[in-house]
Amino acid sequence: MATFEYRCQQDGSFDVVLPVGTAGPSTSCPRCGFPATRVFSAPRLARMPAALREAIDRTERSAEQPEVVGRVPGGRPARRSTNPAHARLPRW
1 MATFEYRCQQ
11 DGSFDVVLPV
21 GTAGPSTSCP
31 RCGFPATRVF
41 SAPRLARMPA
51 ALREAIDRTE
61 RSAEQPEVVG
71 RVPGGRPARR
81 STNPAHARLP
91 RW
């Protein structure tokens, strides 16, 4: 099911829940009964569960600003490599 937004000239906007792909270009207003036209708007992402929305936001942010860590999660310090080739790598 999807939520579609319609706008009535007299009563303003209202939502209609219909199966995906079945919304027509107009429907009758539930308050006054006059024809209301369909409004194309952004998806209702605010109705997404908070944990899922945060995971999506974190993924998008990591594309531009990846998180850099200085130690292994859990409080243990990172082990230093003894490989001489690793000594030339940049340090954080």
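Using UniProt numbering, read the sequence shown as starting at 1 and increasing by one per residue.
Note that the Cβ used here is the ideal one computed from N, Cα and C, for glycine as well.
| Query | Result |
| --- | --- |
| Which of helix, strand or coil does DSSP assign to residue 27? | strand |
| Select from 65, 25, 11 and 1 the residue whose C-alpha is nearest the C-alpha of residue 33. | 11 |
| If I'm right that residue 28 touches residue 5 with Cβ under 8 Å, what's the distance once you round it to whole angstroms? | Actually they are not in contact, since the Cβ atoms of residue 28 and residue 5 sit about 15 Å apart, beyond 8 Å. |
| Does the distance from the CB of residue 51 to the CB of residue 8 come in under 8 Å? | no |
| According to DSSP, which residues form a beta bridge with residue 13? | 7 |
| From residue 89 to residue 80, what distance separates their C-alpha atoms? | 12 Å |
| Give the straight-line distance between the Cα atoms of residue 84 and residue 2, rounded to the nearest whole angstrom. | 59 Å |
| Return the bridge partner residues of residue 39 from the DSSP annotation. | 5 |
| Do you know how far the Cα of residue 68 is from the Cα of residue 22? | 47 Å |
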